[in-house]
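Below: the structure, in structure tokens.
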Amino acid sequence: MKVSLFYLPSAGSRADIERGRAGLRGDLYQRMLAELAEQAKLADALGYDSISFTEHHFHVEG
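The sequence shown begins at 70 in my numbering and counts up one residue at a time.
Here's what the structure looks like:
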């Protein structure tokens, strides 16, 4: 059996998103990428087969 992770990544907290244009804040975007990279490395170490993401239409700045 193959096991994968599926993400709908979010740049910033709910409050950041509700304030608007959170996707344009470089600090939030870089933090999200760093967190995803950390999770991807852990998933690889645990033997997960793949990681996938939603289409950009579903992201904060879609």
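Every residue gets a Cβ at the ideal spot worked out from N, C-alpha and C, and that includes glycine. Computed from a prediction, not measured in an experiment: that's the story for all the values here.
DSSP three-state label for TYR98, please. Taken through DSSP and simplified to helix, strand or coil, TYR98 comes out as helix.
Give the straight-line distance between the Cα atoms of ASP96 and ILE120, rounded to the nearest whole angstrom. Each residue's CA atom was taken as its position, placing ASP96 and ILE120 some 23 Å apart.
On the DSSP bridge assignment, give the partners of TYR76 in chain order. Beta-bridge pairing links TYR76 to PHE122.
Alpha carbon to alpha carbon, what distance is there between LEU102 and ALA91? Our two residues, ALA91 and LEU102, have alpha carbons roughly 14 Å apart in a direct line.
May I ask which residues mark the beginning and end of the alpha helix (DSSP H) holding ARG83? Looking at the DSSP string, the run of the alpha helix (DSSP H) that includes ARG83 is 83 to 88.
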